[in-house]
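These notes concern the structure reproduced below.
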DNA sequence: GACTCGTGGAC
DNA sequence: TGTCCAAGAGT
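Residue numbers (this note's numbering): 1255 to 1555.
Here it is in structure tokens:
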């Protein structure tokens, strides 16, 4: 029984293999083009929060054509952003992106800020997105830890089938330790690991034969033991407030005219109390603008 | 930390 | 058919 060297001990080999794999196998995504602006990168990152690439790409193209700069978006009504968001899900992200555009106009001369603290201060920009923009848009040597990176490292280094339900400090430290020393390599490293997680080291049915570092993988060396850590509770859908909100929002998204409350009643007829509760929350969130005469529309200026 | 927040595709 | 999952953030 031969012992494989730990991936940490062979960091440079890991980097070389994964970056080499990326150069050959990476998808040609528009926000990765050299011509992509920091704004274009930021928009892509927010859209990609919990939403698959295939659904983001066409919407991203429409957004960037319509709003090529933060100032352009800031000049539109928030409701226009929600409408253009389409069915990407989590529509509050559209509002936050709009609010971020307004903030960039107010505080940063209409530019995407470059420091981590300034990025984090933008609505809708958390630890992941701030790191991603820092690395991908500005080429900073920043560790990017998303769900793909977490899964790849969980398997490769920890020998676990999947990452824990929530991000730990140890994962941040590991990702930082594996970051290439040289800025130029670090720039590609993050997106390369993410791409590995998205295309090869996927959650279900990983394609280990196609993996450039399968001979260094602790999980594979251990014969792919089943994950036995804490379980993430599954999210119910049918009959939830989220489904109700989605139905109500779809009604407003389908028209530019104010919608009478009676039309919303018809869209969710099963539970009056739930519908009213969701309507209230949509108004509170700023996704619905109430108008005189019990009517609603997407928020204007 | 635990919850909440959309949507649709894959198996 | 129902469950899992997808470049998370805010409270």
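For every residue, glycine included, the Cβ atom is placed at its ideal position computed from N, Cα and C.
message: DSSP has residue 1550 in a bridge; who is on the other side?
response: Residue 1550 is bridged to 1513, 1544.
task: Report the three-state DSSP secondary structure of residue 1442 (helix, strand or coil).
output: In the structure shown, residue 1442 adopts helical secondary structure according to DSSP, grouped into three states.
task: Pick out whichever of 1405, 1432, 1507 has its Cα sitting closest to the Cα of residue 1269.
output: The closest CA to that of residue 1269, considering only 1405, 1432, 1507, is found on 1432.
query: Does the Cβ-Cβ distance between residue 1407 and residue 1417 come in under 9 Å?
result: Yes, they are a contact pair.
Unbroken stretches of the alpha helix (DSSP H), 4 residues or longer, contained in the region 1476-1531: Runs found: 1495-1507, 1515-1521.
query: Which value, in whole angstroms, describes the spacing of the CA atoms of residue 1389 and residue 1529?
result: Distance between the alpha carbons of residue 1389 and residue 1529: 42 Å.
field: Uninterrupted alpha helix (DSSP H) stretches inside the region 1323-1363 (no shorter than 4 residues)
entry: Those alpha helix (DSSP H) runs which fall completely within the region 1323-1363 and span 4+ residues are 1324-1328, 1332-1339, 1346-1361.
query: Anyone know if the C-beta pair for residue 1345 and residue 1503 falls short of 9 Å?
result: Yes, they are a contact pair.
message: When you compare the CB positions of residue 1471 and residue 1404, do they come within less than 9 Å of one another, or not?
response: Against a cut-off of 9 Å, the Cβ pair of residue 1404 and residue 1471 comes out as no contact.
query: Which residue from 1435, 1309, 1428 puts its Cα closest to that of residue 1341?
result: Checked all of 1435, 1309, 1428; the closest Cα to residue 1341 is 1309.
message: To the nearest angstrom, how far is the alpha carbon of residue 1436 from that of residue 1398?
response: Spanning the two alpha carbons is a distance of roughly 15 Å.
Rounded C-alpha distance that separates residue 1441 from residue 1451: So the alpha carbons of these two residues sit roughly 17 Å apart.
message: Does the structure place the region 1260-1269 close enough to the region 1304-1324 that three or more beta carbon pairs sit under 8 Å?
response: In short, these stretches do not touch, since the Cβ pair count stays below three.
- prompt: Since residue 1373 is in the alpha helix (DSSP H), which residue starts that stretch and which ends it?
  reply: Note, residue 1373: alpha helix (DSSP H), 1370-1374.
message: One question on the structure: do residue 1327 and residue 1352 come within less than 9 Å of each other, judged by their Cβ atoms?
response: Yes, the pair counts as a contact, with Cβ atoms nearer than the cut-off.
field: Distance between residue 1371 and residue 1338 (C-alpha atoms, nearest Å)
entry: Going from the Cα of residue 1338 to the Cα of residue 1371 covers about 29 Å.
message: Quick check on residue 1437: does DSSP put it in helix, strand or coil?
response: Residue state, collapsed to three classes: helix.
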